[in-house]
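Everything below concerns the one structure shown next.
Numbering (this note's numbering), first residue to last: 688 to 771.
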């Protein structure tokens with residue numbers, strides 16, 4: 688029973704910590720513009736700034752979750768690998 692709880696806890700932590708700073712709106716924007724990045728019609732920096740507008744603000748700053756550039760680059764690379 689303890690083993691099951693540890694495995695469940697570890698799995699949940701792993702799933703939610705992979706791209707914790709990227710919310711669903713940001714993922715949608717990245718996926719929507721991945722073709723433009725791949726064809727060099729849009730710069731990664733511009734897409735980062737465009738996506739950054741949809742950071743989770745939280746409630747009066749509580750539960751605020753901002754996307755970092757590293758998280759963005761990791762997610763973008765993952766999506767680009769899927770296209771190839």
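Here a beta-carbon is modelled for each residue, glycine too, at the ideal position from N, C-alpha and C.
Quiz item: Should residue 709 go down as buried or exposed, given a rule of 16 or more other Cβ atoms within 10 Å for buried?
Solution: Here residue 709 is taken as the residue at index 22 of the chain shown, counted from 1. Its Cβ being crowded by 16 or more others within 10 Å, residue 709 is buried.
Quiz item: Thinking C-beta only, is residue 717 closer than 9 Å to residue 759?
Solution: Residue 759 sits at position 72 when you count from the first residue of the chain shown. Residue 717 sits at position 30 when you count from the first residue of the chain shown. Going by C-beta atoms, residue 759 is nearer than 9 Å to residue 717.
Exercise. Using beta-carbon positions only, say whether residue 741 and residue 768 come within less than 9 Å of one another.
Key: To locate residue 741, count along the chain shown from 1; it is residue 54. To locate residue 768, count along the chain shown from 1; it is residue 81. Not in contact: residue 741 and residue 768 (Cβ atoms no closer than 9 Å).
Practice problem: State yes or no: is the C-beta of residue 745 within less than 9 Å of the C-beta of residue 751? | Solution: Counted from its first residue, the chain shown places residue 745 at position 58. Counted from its first residue, the chain shown places residue 751 at position 64. Result yes, Cβ atoms of residue 745 and residue 751 sit closer than 9 Å.
Exercise. Name the two residues that bound the continuous alpha helix (DSSP H) containing residue 770.
Key: The residue you call residue 770 lines up with position 83 of the chain shown. 756-770 is the extent of the alpha helix (DSSP H) around residue 770.
Exercise. Report the option in 692, 689 and 725 whose CA atom is closest to the CA atom of residue 765.
Key: Mapped onto the chain shown, residue 765 falls at position 78. Measuring from the Cα of residue 765, the nearest candidate turns out to be 725.
Practice problem: Note down, in chain order, each residue of its chain lying with its Cβ closer than 7 Å to the Cβ of residue 756, except the 5 sequence neighbours on either side. | Solution: Sequence index remark: in the chain shown, residue 756 carries index 69 (1-based). For residue 756, where only same-chain residues beyond five positions count, the Cβ hits under 7 Å are 735.
Quiz item: Between residue 721 and residue 754, which are expected to be in contact by the criterion C-beta below 8 Å, what is the C-beta distance as a whole number of angstroms?
Solution: In the chain shown, counting from the first residue as 1, residue 721 sits at position 34. In the chain shown, counting from the first residue as 1, residue 754 sits at position 67. Not really, about 16 Å apart at Cβ, beyond 8 Å.
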